[in-house]
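Residue numbers (the working numbering), protein chains in the order written: chain D, 52 to 121; chain G, 14 to 280.
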């Protein structure tokens with residue numbers, strides 16, 4: 052079986068953001084359940100946090116393709 | 014199971030499956046000498062501008078207090094950017110100047126992202142990194158220009174560090190903030206949009222071309238398995254539609270956040 056170790060690196064780099072995004076949306080759901088009227092405000096904060104956490108995984112996939120085949 | 018039995022079940026065709034690679038994004042149409050070429054994404058970017066301008070003109074042609082369907086749709090999108098992004102994040106006082114920038118960014122990015130799922134385009138323009146880089150550079154110049162014109166170069170750099178820190182930690186925090194403002198922010202802004210569109214397109218191509226290969230070249234077992242694979246491709250397309258909207262929204266949201274940071278009196 053052949054493959055590229057860089058893609059495994061992408062898999063590893065996706066673990067952290069995966070956990071982080073899970074925590075962010077868990078907190079968002081908790082917040083909305085406790086205070087439904089705060090939904091609008093919480094939503095944009097949650098999406099902002101999601102975007103920031105996701106950046107790490109995106110770095111991973113970009114670098115995986117940069118280093119693939121080297 | 015003996016190898017003789019396995020072969021007709023799994024593979025009957027002669028050629029092997031080739032997984033999609035980054036090559037699928039290079040689609041020149043005219044002028045392929047050297048690196049310069051009119052490519053499919055550059056044509057799509059032009060088409061998207063025509064579509065955005067056409068939709069906006071059609072939606073706002075006869076403006077009335079009681080809006081029709083077209084005007085309602087245009088106002089809905091406009092209100093999303095104006096109220097939930099620009100006003101809530103930049104603040105009551107300064108947000109009006111940035112509505113044109115943010116709305117144009119949102120409309121352009123969203124239509125280009127939708128091209129990733131809409132036939133006959135089916136190519137996310139932002140999957141070529143040049144397009145997100147240009148958009149991120151635009152935002153980069155805008156938020157630095159806002160900060161410097163309001164506080165001056167010295168004041169802007171000084172404003173990066175929160176006040177009230179112990180003196181020995183100030184250089185460290187300053188270095189971190191400079192890297193954040195001048196490197197991390199523009200790079201992540203461009204890479205996030207690019208990475209999502211790029212990865213989404215590769216996933217779709219992988220599922221669809223894989224299912225097609227299994228259906229045409231595969232043995233009996235693979236032909237059966239190709240049906241859930243096509244279903245999965247359909248589900249991924251729906252997921253992509255969500256991601257396409259979310260990424261356009263996140264791009265303007267972060268742009269607005271960076272502009273708001275440039276306005277903030279203190280970090």
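Quick reminder that beta carbons are idealized off the backbone N, C-alpha and C, glycines included.
When Cβ-Cβ separations below 8 angstroms define contact, residue 64 of chain D makes no contact with chain G. Within 7 angstroms of the CB of residue 112 of chain D, the CB atoms of chain G belong to 208 and 212, in sequence order along the chain. Look at residue 193 of chain G here: in three-state DSSP terms it is helix. At a cut-off of 8 angstroms between beta-carbon atoms, residue 116 of chain D makes contact with chain G. In this structure residue 44 of chain G is exposed. Its beta-carbon is surrounded by fewer than 16 other beta-carbon atoms within 10 angstroms.
Apart from the 5 residues on each side of it in sequence, residue 268 of chain G sits with its Cβ closer than 6 angstroms to the Cβ of 152 in its chain, given in chain order.
Here residue 69 of chain G is near residue 87 of chain G, since their CB atoms are less than 8 angstroms apart. For a cut-off of 8 angstroms, the C-beta gap from residue 54 of chain G to residue 144 of chain G is around 7 angstroms, short enough to register as a contact. In the three-state DSSP reduction, residue 118 of chain D falls in the helix class (H, G or I). Any Cβ of chain D closer than 8 angstroms to the Cβ of residue 97 of chain G would place that residue at the interface, and such an atom is present. Scanning G:141, G:121, G:41 and G:112 for the CA closest to the CA of residue 155 of chain G turns up G:112. Across the structure, residue 237 of chain G and residue 60 of chain G are spaced so that their CA atoms are roughly 39 angstroms apart. Between residue 179 of chain G and residue 191 of chain G, the alpha-carbon positions lie close to 18 angstroms from each other. Secondary structure remark: continuous alpha helix (DSSP H) runs of at least 4 residues inside the stretch 64-119 of chain D, in chain order: 90-118. Below 8 angstroms, enough C-beta pairs join the stretch 242-250 of chain G and the stretch 214-225 of chain G to call them touching: three or more. Under DSSP, residue 52 of chain G takes part in a beta bridge, and its partners are G:41. Residue ranges of uninterrupted alpha helix (DSSP H) with 4 or more members, entirely inside the stretch 96-145 of chain G and ordered along the chain, are 112-127. Between the stretch 63-71 of chain D and the stretch 79-92 of chain D there are fewer than three C-beta pairs closer than 8 angstroms, too few to call the two in contact. At a cut-off of 8 angstroms between C-beta atoms, residue 74 of chain D does not count as an interface residue with respect to chain G.
Judged by DSSP secondary structure, residue 241 of chain G falls within the alpha helix (DSSP H) whose first and last residues are 233-276. In this chain, residue 180 of chain G is not harboured by any alpha helix (DSSP H), its DSSP state being neither H nor E. For residue 124 of chain G, the number of other beta carbons within 10 angstroms of its own is at least 16, and it is reported as buried.
Per DSSP, the continuous alpha helix (DSSP H) segment holding residue 211 of chain G begins and ends at 198-230.
The C-alpha of residue 39 of chain G lies about 28 angstroms from the C-alpha of residue 67 of chain G. CA-to-CA, the gap between residue 134 of chain G and residue 58 of chain G works out to about 11 angstroms.
Taken through DSSP and simplified to helix, strand or coil, residue 36 of chain G comes out as helix.
For chain D, the residues of the stretch 97-122 of chain G that bring a beta carbon within less than 9 angstroms of one of its beta carbons are 97, 98, 101 and 102, in chain order.
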